[in-house]
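Here the structure comes first, spelled out in structure tokens, and everything after it is commentary.
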Amino acid sequence: MSARRQGKGTVAKGTMAWSIVAVMAALLMVSVNLRPAITTMAGVMGGLEHGYGVDGHLLPVLGALPVLAFGVSAPLGPWLAKRLGTGWAVAAALLVLAAMLAARALVPGFIFPGTFLAGAAIMTASVLLPQIVKEHHGTGWWTGLCTMGFGLGAALGAGLVQPLQAALGGSLAGALAVWAVPAVIGGVVVGTAVRRGPVREGLVPPPPGTDTAREPARRPLRTQRTAWAVAAFFGLQALLYFAVTSWLAVFLESKGLGAAEAAALLAWFSIAGLPAGLLVPVLAGRPAVLRFMAPGLGILIAAALLGVLAAPAGMQFPLIGLLGFVQSAPFGLGMALIVIRSSGPRTAGRLSAMSQGLGFAVASLGPLVAGLLHEWSGAWAPSFLMLAGVALAVAVAGYLAVNGPEVDAGEAVERETEPAAVGR
641 MSARRQGKGT
651 VAKGTMAWSI
661 VAVMAALLMV
671 SVNLRPAITT
681 MAGVMGGLEH
691 GYGVDGHLLP
701 VLGALPVLAF
711 GVSAPLGPWL
721 AKRLGTGWAV
731 AAALLVLAAM
741 LAARALVPGF
751 IFPGTFLAGA
761 AIMTASVLLP
771 QIVKEHHGTG
781 WWTGLCTMGF
791 GLGAALGAGL
801 VQPLQAALGG
811 SLAGALAVWA
821 VPAVIGGVVV
831 GTAVRRGPVR
841 EGLVPPPPGT
851 DTAREPARRP
861 LRTQRTAWAV
871 AAFFGLQALL
881 YFAVTSWLAV
891 FLESKGLGAA
901 EAAALLAWFS
911 IAGLPAGLLV
921 PVLAGRPAVL
931 RFMAPGLGIL
941 IAAALLGVLA
951 APAGMQFPLI
961 GLLGFVQSAP
971 FGLGMALIVI
981 RSSGPRTAGR
991 LSAMSQGLGF
1001 AVASLGPLVA
1011 GLLHEWSGAW
1021 APSFLMLAGV
1031 ALAVAVAGYL
1041 AVNGPEVDAG
1051 EAVERETEPA
1061 AVGR
């Protein structure tokens, strides 16, 4: 009898291990698909006027649309997760994303609404990633895998869009529409791997009506200062990221680089950030590191932005690599803070929606204001100085987010790990 139980336990452990691997693979697939919709457009921004008839004065609006959609659609993720389950909600978002990527590229006159709806689909999936990590009691490596996937997807989108256009006989529409294919694959993978909530023993909540089921009283996040600090940190770092990715290639062309060279450096910006995206969420689990990480990152971003502004074309490669590294780190830290500073999975989902919703509503101003400042002044210095000031605000918000009390939406959940151990 004991041998039979031992055999069953071994099979259960093996099944659990494969389930965890499948969930991690799904998280990577999802995150890789959530940036090409933005960076492919940024990589060919100069060609949209000719290819799609977009007026040059409307390019800042087009650059701001995805981020504006992020802010509007953030509550949709938790709402769908309640009705479909987390995995199916993310899968549905990726399938909608695939449809919008194809439609905006191929349907005449659909580039503006398609870009907005693609942004809404991206945000629906994005806000649920921290909830999946928290549900499965994932470590900092899980969050790092997600943030690295964002950076990898951004790099692939920026680096491959022009080679794809050349390979497709100069078809800009084809080079933009082809990104619908990996989005469909990602939707299938996550829908298969994340069908239920927690996969570890003891993490599945009891059914309603049982003696152990408890309905916690909801505590509004808007009354908790740490929730606001996390949202401010997330939004300000996102403002920097989207402003830089929207206009970096155009800025580099003004320095005398060709369109292909500028697109390659935009891809390098994303590639250089991959190590930071992976490692920062892990290091964030160490309180001694976490205390100085956010202020330090804000100061480094400000310095890197000013360096890129002042440097000649020949010095841009190392400086953009530095900017990519320090710019990706706050995104990884922001995702980690949502998990670390939350009391449980539902709190993580709600804090994710608040942080990314309000945060991206603020972030939508980044590409727009940076573009308008350049349009108004005819130079890039005002835009870069504005972004350097935002980077210093990131430092302040990060300090407050790290040092405030834990965010608790009223969950009655027995946690397997302490928040500080998430990064182990």
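Counting in our numbering, the sequence shown runs from 641 upward without gaps.
Even for Gly, the Cβ is constructed at its ideal location relative to N, Cα and C.
* Assess, as a yes-or-no matter, whether the segment 927-945 is touched by the segment 958-972 under the definition of 3 or more beta carbon pairs within less than 8 Å. => Here the segment 958-972 makes contact with the segment 927-945; the two share three or more CB pairs at distances below 8 Å.
* Asked: So who's on the other strand from residue 982, going by DSSP bridges?
  -> 1047
* Starting from residue 707, trace the alpha helix (DSSP H) both ways and give me its first and last residue. => 699-713
* **residue 951 versus residue 888 - alpha carbon distance** => Rounded to the nearest angstrom, the two C-alpha atoms are 14 Å apart.
* Of the listed residues 756, 731 and 732, nearest to residue 743 (C-alpha basis) -> Nearest option by C-alpha distance: 756.
* If residue 975 and residue 786 are in contact, beta carbons under 8 Å, what's the gap, nearest whole angstrom? -> 6 Å
* Taking residue 683 and residue 903 to be in contact with their CB atoms under 8 Å, please state how far apart those CB atoms are, rounded to whole angstroms. => 5 Å
* Asked: Tell me which same chain residues have a C-beta within less than 8 Å of the C-beta of residue 956, skipping the five on either side of it?
  -> 892, 895, 897, 905 and 948
* Looking at the unbroken alpha helix (DSSP H) that takes in residue 885, where does it start and where does it end? -> Note, residue 885: alpha helix (DSSP H), 865-894.
* **C-beta atoms of residue 828 and residue 1041 nearer than 7 Å** => no
* residue 716 versus residue 764: straight-line alpha-carbon distance, rounded -> 6 Å
* To do: Return the CA-CA distance between residue 652 and residue 661, expressed in angstroms with no decimal places.
  => Annotation note: pLDDT 46 at residue 652 (below 50); position unreliable, coordinate value reported separately. Cα-Cα distance, rounded: 14 Å.
* Does the Cβ-Cβ distance between residue 709 and residue 760 come in under 7 Å? -> yes
* To do: Could you check how far apart the C-beta atoms of residue 921 and residue 783 are, in whole angstroms? I think they sit under 8 Å.
  => At roughly 4 Å, the Cβ-Cβ gap stays under 8 Å, so residue 921 and residue 783 are in contact.
* **Three-state secondary structure (DSSP) of residue 898** => coil
* Do you know offhand how far residue 689's Cα is from residue 1024's? -> Taking the Cα positions, residue 689 is about 25 Å away from residue 1024.
* What three-state label does DSSP hand residue 1040 in the structure shown? -> helix
* To do: Could you tell me whether the Cβ atoms of residue 758 and residue 737 are closer together than 7 Å?
  => Yes.
* How would you call residue 663, buried or exposed, if buried means at least 16 neighbouring beta carbons within 10 angstroms? -> buried
* Ordered along the chain, which non-local residues of its own chain (more than five positions away) have a Cβ less than 7 Å from that of residue 796? -> 676
* **Rounded Cβ spacing between residue 1010 and residue 1027 (contact assumed at less than 8 Å)** => 7 Å
* Under 7 Å between C-beta atoms of residue 826 and residue 946 -> No, Cβ-Cβ distance for residue 826 and residue 946 is not below 7 Å.
* Asked: Assuming residue 968 and residue 917 make a contact with CB atoms under 8 Å, what is their CB distance in whole Å?
  -> 5 Å
* **N-terminal and C-terminal residue of the alpha helix (DSSP H) that residue 684 is part of** => No alpha helix (DSSP H) contains residue 684, which DSSP labels as neither H nor E.
* Asked: Whose CA, out of 705, 692, 823 and 1043, lies closest to the CA of residue 928?
  -> 1043
* If we call anything under 7 Å between Cβ atoms a contact, is residue 730 one with residue 768? -> yes
* **Same chain only: Cβ atoms within 7 Å of residue 954, ignoring 5 sequence neighbours per side** => Excluding its 5 nearest sequence neighbours in each direction, residue 954 has no C-beta neighbour in its own chain below 7 Å.
* **8 Å contact criterion, which residue 924 and residue 770 should meet: CB distance rounded** => About 13 Å; that fails the 8 Å criterion.
* Hey, how far is the Cα of residue 775 from the Cα of residue 983? -> 11 Å
* Measure the alpha-carbon distance for residue 699 versus residue 994 and round it to whole angstroms. => 28 Å
* residue 808, DSSP secondary structure in three states -> coil
* Buried or exposed: which applies to residue 1048, given that a residue is buried once 16 or more other Cβ atoms fall within 10 Å of its Cβ? -> buried
* Would you call residue 747 buried or exposed, if buried means 16 or more other Cβ atoms sit within 10 Å of its Cβ? -> When all chains shown are included, residue 747 counts as exposed.
* Less than 7 Å separating the beta-carbons of residue 1022 and residue 1013? -> With contacts defined by Cβ atoms closer than 7 Å, residue 1022 and residue 1013 form a contacting pair.
* Asked: With distances taken from CA atoms, which of 944, 833 and 883 is nearest residue 705?
  -> 883
* To do: Go ahead and label residue 718 buried or exposed: buried means 16 or more other beta carbons lie within 10 angstroms of its beta carbon, across all protein chains shown.
  => buried
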